[in-house]
Amino acid sequence: MEILTGFLEAIRGIYESSGLVSLGWQNYVMIGISCFLLYLAIKKQYEPLLLLPIAFGMLLVNLYPEIMAAPHINLVEIPSANDPAAAGHVVQEIGGKIYYEDPTYGGLLYYLYQGVKLGIYPPLIFLGIGCMTDFGPLIANPKSLILGAAAQIGIFITFTGAVFLGFTEAEAGAIGIIGGADGPTAIYVTTKLAPHLLGSIAIAAYSYMALVPIIQPPIMKLLTTKKERGVVMEQLRPVSRLEKILFPIIVVILIAIFLPDAAPLVGMLMLGNLFKESGVVERIAKAAQNELMNIITIFLGTTVGATASGTNFLKLDTLKIIALGLIAFCMGTAFGVLFGKIMYKLTGGKINPLIGSAGVSAVPMAARVSQKVGQQENPGNFLLMHAMGPNVAGVIGSAVAAGVLLNVVG
Amino acid sequence: MVLSGMNVVHAAELTMAEKGIASAKVILTGFVVVFAVLLLLILVIKLYSFLVGKAQGAGKKKKKDQTPPPKKTVTSVTSEPAPVSRTASAGDDIPEEVVAVIAAAVASMYGGSQKARIKSIRKAGGRSAWANAGVLDNTRPF
Numbered sequence: 267m268e269i270l271t272g273f274l275e276a277i278r279g280i281y282e283s284s285g286l287v288s289l290g291w292q293n294y295v296m297i298g299i300s301c302f303l304l305y306l307a308i309k310k311q312y313e314p315l316l317l318l319p320i321a322f323g324m325l326l327v328n329l330y331p332e333i334m335a336a337p338h339i340n341l342v343e344i345p346s347a348n349d350p351a352a353a354g355h356v357v358q359e360i361g362g363k364i365y366y367e368d369p370t371y372g373g374l375l376y377y378l379y380q381g382v383k384l385g386i387y388p389p390l391i392f393l394g395i396g397c398m399t400d401f402g403p404l405i406a407n408p409k410s411l412i413l414g415a416a417a418q419i420g421i422f423i424t425f426t427g428a429v430f431l432g433f434t435e436a437e438a439g440a441i442g443i444i445g446g447a448d449g450p451t452a453i454y455v456t457t458k459l460a461p462h463l464l465g466s467i468a469i470a471a472y473s474y475m476a477l478v479p480i481i482q483p484p485i486m487k488l489l490t491t492k493k494e495r496g497v498v499m500e501q502l503r504p505v506s507r508l509e510k511i512l513f514p515i516i517v518v519i520l521i522a523i524f525l526p527d528a529a530p531l532v533g534m535l536m537l538g539n540l541f542k543e544s545g546v547v548e549r550i551a552k553a554a555q556n557e558l559m560n561i562i563t564i565f566l567g568t569t570v571g572a573t574a575s576g577t578n579f580l581k582l583d584t585l586k587i588i589a590l591g592l593i594a595f596c597m598g599t600a601f602g603v604l605f606g607k608i609m610y611k612l613t614g615g616k617i618n619p620l621i622g623s624a625g626v627s628a629v630p631m632a633a634r635v636s637q638k639v640g641q642q643e644n645p646g647n648f649l650l651m652h653a654m655g656p657n658v659a660g661v662i663g664s665a666v667a668a669g670v671l672l673n674v675v676g
Numbered sequence: 006m007v008l009s010g011m012n013v014v015h016a017a018e019l020t021m022a023e024k025g026i027a028s029a030k031v032i033l034t035g036f037v038v039v040f041a042v043l044l045l046l047i048l049v050i051k052l053y054s055f056l057v058g059k060a061q062g063a064g065k066k067k068k069k070d071q072t073p074p075p076k077k078t079v080t081s082v083t084s085e086p087a088p089v090s091r092t093a094s095a096g097d098d099i100p101e102e103v104v105a106v107i108a109a110a111v112a113s114m115y116g117g118s119q120k121a122r123i124k125s126i127r128k129a130g131g132r133s134a135w136a137n138a139g140v141l142d143n144t145r146p147f
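Those protein sequences? They're chains S and F, same order as listed. Going by the numbering used here, the first residue of the first sequence is number 267, and it counts up by one from there. Going by the numbering used here, the first residue of the second sequence is number 6, and it counts up by one from there.
#1: So, for ILE550 of chain S: in the same chain, excluding its five sequence neighbours on each side, which residues have a beta-carbon less than 8 Å away from its beta-carbon?
#2: Touching or not, the stretch 637 to 650 of chain S and the stretch 412 to 426 of chain S, by the rule of three or more beta carbon pairs under 8 Å?
#3: Quick one: residues in its chain with C-beta nearer than 6 Å to the C-beta of MET334 of chain S, no 5 flanking neighbours on either side, listed in chain order?
#4: Residue ranges of each alpha helix (DSSP H) run of no fewer than 4 residues wholly in the stretch 291 to 349 of chain S, ordered along the chain?
#5: Ends of the beta strand (DSSP E) at PRO369 of chain S?
#6: By the three-class DSSP mapping on this structure, what secondary structure does ALA121 of chain F have?
#7: Within 10 angstroms of the Cβ of ALA307 of chain S, are there 16 or more other Cβ atoms? Answer buried if so, exposed if not.
#8: For a cutoff of 8 Å on Cβ pairs, would you count ILE50 of chain F as touching chain S?
#9: Given a limit of 9 Å on CB to CB distance, which residues of the stretch 494 to 522 of chain S reach chain F?
#10: Report yes or no: is there a C-beta of chain S within less than 8 Å of the C-beta of VAL4 of chain F?
#11: Under the three-state reduction of DSSP, which class applies to LYS128 of chain F: helix, strand or coil?
#12: What are the residues of the stretch 635 to 651 of chain S that lie near chain F, defined by any Cβ-Cβ distance shorter than 9 Å?
#13: Let me know the secondary structure DSSP gives LEU141 of chain F once reduced to three states.
#14: Whole alpha helix (DSSP H) runs in the stretch 395 to 453 of chain S with 4 or more residues, listed along the chain?
#15: Between the Cα of GLY533 of chain S and the Cα atoms of S:TYR366, S:ALA452 and S:LEU390, which residue gives the shortest distance?
#16: Using 8 Å as the threshold, is the stretch 453 to 468 of chain S in touch with the stretch 667 to 674 of chain S, meaning 3 or more CB pairs across them?
#17: For GLY615 of chain S versus PRO656 of chain S, is the C-beta distance shorter than 8 Å?
#18: Does DSSP put GLN501 of chain S in a helix, a strand or coil?
#19: Does ARG495 of chain S come out as helix, strand or coil in the three-state DSSP assignment?
#20: When we look at the beta-carbon of GLY401 of chain S and count the other beta-carbons within 10 Å, is it buried (16 or more) or exposed?
#21: Along chain F, in chain order, which residues have C-beta atoms closer than 8 Å to that of GLN418 of chain S?
#22: Could you give the uninterrupted runs of the beta strand (DSSP E) lying entirely in the stretch 521 to 596 of chain S, keeping only those of 3 residues or more?
#23: Considering only residues of the same chain and omitting the five flanking positions on each side of ILE485 of chain S, which have a CB-CB separation below 8 Å?
#24: Between MET499 of chain S and ASN644 of chain S, what straight-line distance do the alpha-carbon atoms span, to the nearest angstrom?
#25: Would you verify that the beta carbon of ALA415 of chain S is, or is not, closer than 8 Å to some beta carbon of chain F?
#26: Please classify ILE480 of chain S as buried or exposed, where buried requires at least 16 other C-beta atoms within 10 Å of its C-beta.
#27: Do SER28 of chain F and THR433 of chain S count as a contact pair if the criterion is CB distance below 8 Å?
#28: Report the three-state DSSP secondary structure of GLN358 of chain S (helix, strand or coil).
#29: Using the Cα positions of VAL517 of chain S and PRO403 of chain S, report the straight-line distance between them to the nearest angstrom.
#30: I want to verify the contact list: residues of chain S whose CB lies under 8 Å from the CB of LEU43 of chain F, in sequence order.
#31: Counting only beta-carbon separations shorter than 8 Å, does GLY116 of chain F have a partner in chain S?
#32: Which residue from S:GLU494, S:PRO337 and S:PRO530 puts its Cα closest to that of GLN641 of chain S?
#33: Expressed to the nearest angstrom, what Euclidean distance is found between the alpha-carbon atoms of LEU33 of chain F and THR584 of chain S?
#34: Using a cut-off of 7 Å between C-beta atoms, extract the partners of ALA27 of chain F located in chain S.
#35: How would you list, in chain order, the residues of chain F whose beta-carbon sits under 9 Å from the beta-carbon of THR708 of chain S?
#36: Note down, in chain order, each residue of its chain lying with its Cβ closer than 8 Å to the Cβ of LEU580 of chain S, except the 5 sequence neighbours on either side.
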């Protein structure tokens, strides 16, 4: 009999500590959402490298919220400082009573999340991106920087929309940066300006980046004429190795002096690029763009997903952010194309306005979209390399825009 | 280009006019600074490209000819029952392996369900070895 009650007690204890009791309805909704995101990542292959860890992080934190719990210290009262229970603990005296500190450690993802919270992972991702980026097309055609700048206008317009929807200036800045179409930049800015919105902003940013091939073409076609889309651009001039080596050094000096807030992102991007272009540190260049970047991606994705706990995510604000993010994205694309049209006019028809849409970063997806839309008009037209110019310019542009936002509203 | 740090103000406490002013300030600052920095970059890139070009010797001004069309022109007509039926005419100097590869590419583009027939395979102008090296150099990471 005693055994049976003991057994029932134990079962009840396990039941009470299980998710069946502790989880709220929000958690179950989020579990559903994360399963849907997993489906999109695996079956539809929407940015699976990021969406999969993000979705799984969401799943984990809603099944077991403690995994993101912060550490805390319990004070246990003891009769004297020499009490054996206090051995190995910090002892302190408060109001004549003696306590020892009994720390409870945080959850696994809490510690991994510190890299996001302290703004460490996004610049490290930029390091890897720098190693993989060829700025040659940009150096060969520096004018494409204008398109990279134009596509950032969406960020600032969305900022306005967010302010009028009732977000604070800092929150609005973080929401606007979704329009930069650059995941690491969006995460970096959000952790500095509005960390409580990180989950929704990161998910909105990465979802829209995955949807670039669906969102951009209609806007591009709407804003351009058939003749403009058919423009075949002159082949880019070859860029010498010396130019490629000087580029990251010069860019980092300029940007870090004028806009120090953008220095962590641009600095790491350019360091990575110098690894690649210098050709003398092939080993570190490989490590930065493969092992390091993959490891950081796992940590970043999982922990960003883990910020989307049910109570945090299921709010009206999240829907507003998702809507505003879409507007930011469309605006960025539209302004890129419109400035492309201006350049088309100014150069007497030498520039195909379709490359303007690549000014939103989303490397290299946005450039591929330019290429694809251009080829629909003229199958013999190869815009990819021309679009890579604005595309990598967009990365620099987003980082600069991030610096501006951090400075003005941060 | 010194921007003063602003205190975070809760938007809900702002009137419409204040919101408008705050947004206009951010739009204007953002627009001007982003363009100013990137225009500055354009100037600097142009300048140093010019200097590098000069330092590395003259004779770099030759304009490259326009991108030639893709190497092969494949005309496909939907008529034959087989997914890909090869009746590659003309192109006497094109090896059979190449024809097979092109046929395979056509088949994969059209999928098994659609019927495609290759009517002719011709060599187009083609790039010089240097142009090819340039293309490779620019496209390899992708």
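Ideal Cβ positions, reconstructed from N, Cα and C, are used throughout, including at glycine.
From the atom records:
#1: Excluding sequence neighbours, ILE550 of chain S sits near PHE541.
#2: no
#3: VAL327, GLY373, LEU375, TYR376 and ALA572
#4: As for any alpha helix (DSSP H) of minimum length 4 sitting wholly inside the stretch 291 to 349 of chain S, the runs are 291 to 308 and 314 to 329, ordered along the chain.
#5: 363 to 370
#6: strand
#7: buried
#8: yes
#9: VAL498, MET499, GLU500, GLN501, LEU502, ARG503, PRO504, VAL505, SER506, LEU508, GLU509, LEU512, PHE513, ILE516, VAL517, LEU520 and ILE521
#10: The structure shown has nothing for residue 4 of chain F, since chain F only spans 6 to 147.
#11: strand
#12: PRO645, GLY646, ASN647, PHE648, LEU650 and MET651
#13: Assignment of LEU141 of chain F by DSSP, reduced to helix, strand and coil, places it in the helix class.
#14: 402 to 406, 410 to 416, 419 to 430 and 435 to 442
#15: S:LEU390
#16: yes
#17: no
#18: Coil.
#19: helix
#20: Reading off the sequence shown, one finds Phe at residue 401 of chain S, where the question assumed Gly. Result: buried.
#21: GLY35 and VAL39
#22: none
#23: CYS596, THR599, ALA600, VAL603 and SER623
#24: 12 Å
#25: yes
#26: exposed
#27: Inspection of the sequence shows that residue 433 of chain S is occupied by Phe rather than by Thr. Taking 8 Å as the Cβ cut-off, PHE433 of chain S and SER28 of chain F do not qualify as a contacting pair.
#28: strand
#29: 15 Å
#30: LEU411, ILE412, GLY414, ALA415, ALA659, ILE662, GLY663 and VAL666
#31: Cβ-Cβ to chain S under 8 Å: no for GLY116 of chain F.
#32: Here the closest residue by C-alpha is S:GLU494.
#33: 27 Å
#34: VAL429 and GLU435
#35: The structure shown does not extend to residue 708 of chain S, since chain S spans only 267 to 676, so no value can be given for it.
#36: These residues qualify, in order along the chain: GLN292, VAL295 and MET296.
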